[in-house]
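Residue numbers (the UniProt record's numbering): 1 to 264.
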């Protein structure tokens, strides 16, 4: 069965994060992901999960100033101690909340830094994260983000992700594959999934362009979801989009593509 999830950081943003768990349950989800859950305490999140029969399938390692327009942590020379502290916090949350996967955001090449030292720093930090997360039976993943939305991001496409996997050489590390970001980079989304599925640990989706829910733009989600259901992939497939209007009105895709699925 397809393990479907909803992203509480981008969907249901009409209300504060602590109120979004109830809305996920209301719309039939059993699995949620949260980019950065750290504004809430572990105890607050545990209460919401128990109240609404939910499970968190993915969180991100804190990314420093990345989401505020800065360069981030994981690939930035000189910020290794900060990254280790962020990773430790992520493991604390993931352990306590039984989160199976943690995503490491590479960050951006600083304008005053050469690329190679950044990539070396990223590889070393991903190696550290892979060891530490694996020790806690947590799947480490890292994400490709398109260079239009986030210029200078260190890992933007499949080829760069493959190179990073080769550099890190840790069997637990896998890609987090966001269909929207790959479409923005000009990748054939279905072909990229088919060719790399053994190296993918988590999948997210939004349509492209626009990053709204499926069937609002150009990605052929009928083919993608049909293939994923029949593939060897056993991870989660998470809705991570900006609703075109109100979140509550953005779920037509669920009935269309997953009406026979009972493991939301």
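Glycine residues also receive a C-beta, built at the ideal position from the N, C-alpha and C atoms. Computed from a prediction, not measured in an experiment: that's the story for all the values here.
Measuring CA to CA, which of the options is closest to residue i?
i: residue 186; options: 208, 129, 151; result: 208
i: residue 58; options: 78, 85, 97, 23; result: 97
i: residue 76; options: 34, 63, 189; result: 63
i: residue 35; options: 168, 113, 56; result: 56
i: residue 235; options: 14, 11, 139, 27; result: 139
i: residue 81; options: 66, 128, 52; result: 128
i: residue 125; options: 198, 142, 68; result: 142
i: residue 217; options: 195, 228, 243, 200; result: 243
i: residue 65; options: 53, 108, 94; result: 108
i: residue 6; options: 145, 201, 206, 173; result: 206
i: residue 161; options: 117, 210, 104, 215; result: 104
Run the CB neighbour count on residue i, radius 10 Å, all protein chains shown included, and call it buried at 16 or more, exposed below.
i: residue 245; result: exposed
Start and end of the alpha helix (DSSP H) containing residue i?
i: residue 124; result: 115-135
i: residue 25; result: 17-26
i: residue 42; result: 42-51
i: residue 252; result: 252-258
i: residue 4; result: Per DSSP, residue 4 belongs to no alpha helix (DSSP H); it is in the beta strand (DSSP E), 3-7.
So the beta strand (DSSP E) residue i belongs to, where does it begin and stop?
i: residue 143; result: 139-143
i: residue 32; result: 31-34
i: residue 236; result: 236-239
Taking 6 Å as the limit between beta carbons, can you name the residues of its chain near residue i, skipping five residues before and five after?
i: residue 203; result: 177, 237
i: residue 115; result: 109
i: residue 250; result: 213, 243
i: residue 175; result: 161, 199, 200
Leaving out five residues before and five after residue i in sequence, what residues of the same chain have Cβ atoms less than 7 Å from its Cβ?
i: residue 152; result: 108, 109
Looking only at its own chain, which residues have a Cβ that is under 8 Å from the Cβ of residue i, when we skip the five neighbours before and after it?
i: residue 190; result: 220, 223, 224, 227
- Task: Write down every uninterrupted run of the alpha helix (DSSP H) in the stretch 170-213 whose length is 4 residues or greater and which is fully enclosed by it, in chain order.
- Result: Here the runs fully enclosed are 179-184, 189-196.
Exercise. Enumerated in chain order, which unbroken segments of the alpha helix (DSSP H) with a length of 4 residues or greater are wholly contained in the stretch 44-114?
Worked result: As far as the stretch 44-114 is concerned, its whole alpha helix (DSSP H) runs of at least 4 residues are 80-97.
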